[in-house]
Amino acid sequence: MTLNHTAPVIEIEKLSKVYQKSRTETIYALKDLDLSVHPGEIFGYLGPNGAGKTTTIRLLLDLIRPTHGRAAIFGQDVNQHSVALHQRIGFLPGELNLWKNLTGRQVIQYVARVRGGVDESYVRRLSERLQFDPTLRVRSYSSGNRRKLGLVLALMNQPELLILDEPTNGLDPLMQQIFNEMMLEIRGEGRTVFLSSHILSEVQSICDRVAILRNGELKAVETVTNLTHVDFRWVTVRLQQPVQPNQLGSIPGVSDISQTEGGLRLRLVGDFDPLLRALGPYYVQDMRVQEPTLEEVFLAFYGNHNAVHAGQVEGRVS
Ligand SMILES: Nc1ncnc2c1ncn2[C@@H]1O[C@H](COP(=O)(O)OP(=O)(O)OP(=O)(O)O)[C@@H](O)[C@H]1O
Ligand SMILES: [Mg+2]
Numbered sequence: 017m018t019l020n021h022t023a024p025v026i027e028i029e030k031l032s033k034v035y036q037k038s039r040t041e042t043i044y045a046l047k048d049l050d051l052s053v054h055p056g057e058i059f060g061y062l063g064p065n066g067a068g069k070t071t072t073i074r075l076l077l078d079l080i081r082p083t084h085g086r087a088a089i090f091g092q093d094v095n096q097h098s099v100a101l102h103q104r105i106g107f108l109p110g111e112l113n114l115w116k117n118l119t120g121r122q123v124i125q126y127v128a129r130v131r132g133g134v135d136e137s138y139v140r141r142l143s144e145r146l147q148f149d150p151t152l153r154v155r156s157y158s159s160g161n162r163r164k165l166g167l168v169l170a171l172m173n174q175p176e177l178l179i180l181d182e183p184t185n186g187l188d189p190l191m192q193q194i195f196n197e198m199m200l201e202i203r204g205e206g207r208t209v210f211l212s213s214h215i216l217s218e219v220q221s222i223c224d225r226v227a228i229l230r231n232g233e234l235k236a237v238e239t240v241t242n243l244t245h246v247d248f249r250w251v252t253v254r255l256q257q258p259v260q261p262n263q264l265g266s267i268p269g270v271s272d273i274s275q276t277e278g279g280l281r282l283r284l285v286g287d288f289d290p291l292l293r294a295l296g297p298y299y300v301q302d303m304r305v306q307e308p309t310l311e312e313v314f315l316a317f318y319g320n321h322n323a324v325h326a327g328q329v330e331g332r333v334s
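This note's numbering applies: residue 17 is where the sequence shown begins, and numbers increase by one.
This is the structure in structure tokens:
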């Protein structure tokens, strides 16, 4: 028997979910989604509120049924094999609302017993690492502590695939850092992570690829490296003599020039040469180049996309 090691962990084809919005109106919470997630990658599923992230995750876990389309995990249809698949998946729901009268420890013990095969010392290490206090009742946990409990529950049986709905939501920056380290270790073990977020900067340092979803439709799937290289860079130049932004005139590929403390900051599309030539008469003390953040790339994809290209065209024609 030959094993195909590159077979996707998650394979989604034309997956759609229609909801009845009102008596007469329906909406596509998810429309014709095609997506594959590969073994050993951290995949970021990004989109603003209402984009369809939770809907996708609920479909993957067979908590809701699709209107049409299909999804498979580890090559098995999620509707037909959900019980077996759940054994191999760690799931963090967007909101943990169950078991309010139990303590964190009781919840963990209960879930561990149901699942079986959970290593107690591993659970202890997880709780310590997340600085999670298991002695309080779930109802009294802050949202961040509920998220930590959810993470312990999702991670404790060391699943091959983690599906995490907004895992960093409510975590303070230190905890986010710890979470990131944990995810990178999980990837190092060859396991796969699918996580949703609406804050790109929170996940860009750990994700291999990200998908951008809006209004139920997939807008882009890219490696983080590629996304941070699209379209433009921010360039900050410090010139010896003071120069006002409008003194530079129009430079092909350059837009959004502004005066900052570090010097003139501008947005550059395409080659550097036109900018370097325009700076020829000046003494350049310093020049820094910054990739756009995913947040900016995200804005460039939606809404501002035209503005990015308008800047580009304006620079070229004038
Ligand atoms: N049970 C439901 N009945 C009707 N509409 C629903 C239902 N669940 C979700 N929706 C709608 O489907 C769309 C997608 O919702 P979803 O919860 O998947 O978004 P999301 O990307 O997870 O958003 P958020 O970032 O706010 O969590 C929204 O317009 C939402 O109002
Ligand atoms: Mg959601």
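C-beta: ideal position from N, C-alpha, C; glycine also.
Source: prediction; values computed, not measured.
Practice item. Indicate whether Gln263 and Tyr299 have their beta-carbon atoms separated by less than 8 Å. Key: Cβ atoms of Gln263 and Tyr299: not closer than 8 Å.
Exercise for review: Compute the distance between the beta-carbons of Gly66 and Leu229, then report whether it is under 8 Å.
Suggested key: Taking a C-beta distance under 8 Å as the contact criterion, Gly66 and Leu229 do not qualify as a contact pair.
Review point. For Thr70, is the beta carbon positioned less than 7 Å from some heavy atom of ligand 2?
Key: yes
Exercise for review: Tell whether a beta-carbon distance below 8 Å holds between Asn46 and Gly232.
Suggested key: At residue 46 the sequence reads Leu, which differs from the Asn that was named. Remark: C-beta atoms of Leu46 and Gly232 approach each other more closely than 8 Å.
Point to revise | heavy atom of ligand 1 below 7 Å from Asn65 C-beta | key: yes
Check your understanding: Does ligand 2 have even one heavy atom less than 7 Å from the beta-carbon of Gly166?
Key -> It does not: the Cβ of Gly166 is nowhere closer than 7 Å to a heavy atom of ligand 2.
Point to revise | Closest Cα partner of Phe107 within the set His54, Arg140, Ser98 and Ile179 | key: Nearest of His54, Arg140, Ser98 and Ile179 to Phe107, Cα basis: Ile179.
Check your understanding: Is it buried or exposed for Asp181, if we count other Cβ within 10 angstroms and need 16 for buried?
Key -> buried
**Study point:** Same chain only: Cβ atoms within 7 Å of Ser143, ignoring 5 sequence neighbours per side
**Key:** Correct list, in chain order: Pro150 and Val168.
Exercise for review: Identify, in the order they occur along the chain, each residue of the same chain with its Cβ nearer than 7 Å to the Cβ of Met199, setting aside the five sequence neighbours on each side.
Suggested key: Ile58, Val209 and Ile222
Practice item. Confirm, please, whether the CB-CB distance from Ile89 to Leu335 is below 8 Å. Key: The structure shown has nothing for residue 335, since the chain only spans 17 to 334.
Check your understanding: Counting only beta-carbon atoms, is Ile179 nearer than 8 Å to chain B?
Key -> Absent here is chain B; the protein component of the structure consists of one chain.
Point to revise | Contacting residues, own chain, Cβ-Cβ under 8 Å from Glu277 (five flanking each side not counted) | key: none
Practice item. Counting only the same chain and skipping the five closest in sequence on each side, list residues whose C-beta sits under 6 Å from that of Gln36. Key: Taken in chain order, the residues that qualify are Thr42.
Point to revise | Any beta strand (DSSP E) of 3 or more consecutive residues that is wholly inside the region 163 to 234 | key: 177 to 180, 208 to 213 and 225 to 230
Check your understanding: Taking C-beta to C-beta, are Thr241 and Glu218 nearer than 8 Å?
Key -> no
Point to revise | Opening and closing residue of the alpha helix (DSSP H) in which Gly120 lies | key: Counting along the chain, Gly120 sits inside the alpha helix (DSSP H) bounded by residues Gly120 to Arg131.
Point to revise | Gly110 versus Glu307 - alpha carbon distance | key: 31 Å
Point to revise | C-beta contact flag for Val253 and Met303 at 8 Å | key: yes
Exercise for review: Pull up the distance between the alpha-carbon of Arg74 and that of Tyr126, whole angstroms please.
Suggested key: 23 Å
Point to revise | Inter-residue CB distance, Pro175 and Arg104 (contact presumed, cutoff 8 Å) | key: 6 Å
Check your understanding: Gly132: which of Gly286, Gln147, Lys116 and His102 sits nearest, CA to CA?
Key -> For the set Gly286, Gln147, Lys116 and His102, the Cα lying nearest the Cα of Gly132 is the one of His102.
Point to revise | Close beta carbons around Gly160, own chain, < 8 Å, minus the five adjacent residues each side | key: Gly186, Leu187, Asp188 and Met191
Practice item. Report whether the distance from the Cβ of Gly60 to the nearest heavy atom of ligand 1 is below 7 Å. Key: no
Practice item. Consider the C-beta atom of Gly204 and the heavy atoms of ligand 1; say whether any pair is separated by less than 7 Å. Key: no
Check your understanding: What runs of the alpha helix (DSSP H), each 4 residues or longer, lie entirely inside the region 60 to 102?
Key -> 69 to 76 and 98 to 102
Exercise for review: Label Leu234 either buried or exposed according to how many other C-beta atoms from any shown protein chain fall within 10 Å of its C-beta, with 16 as the threshold for buried.
Suggested key: buried
Check your understanding: How would you call Gly296, buried or exposed, if buried means at least 16 neighbouring beta carbons within 10 angstroms?
Key -> exposed
Exercise for review: For Ser213, count neighbouring C-beta atoms within 10 Å of its own C-beta (all shown protein chains included) and say buried if the count is 16 or more, exposed if not.
Suggested key: Around the CB of Ser213, 16 or more other CB atoms lie within 10 Å, so the residue is classed as buried.
Check your understanding: From the DSSP output, which residues share a beta bridge with Gly106?
Key -> Leu178
Review point. Short check: CB of Val53 to CB of Tyr44, under 8 Å?
Key: no
**Study point:** Straight-line Cα distance separating Val94 from Leu77
**Key:** 7 Å
Point to revise | Other residues of its chain near Asn117: CB distance less than 8 Å, five sequence neighbours each side excluded | key: Arg153, Val154 and Arg155
Check your understanding: How about Ser274 and Pro258: are their beta carbons less than 8 Å apart?
Key -> No, Cβ-Cβ distance for Ser274 and Pro258 is not below 8 Å.
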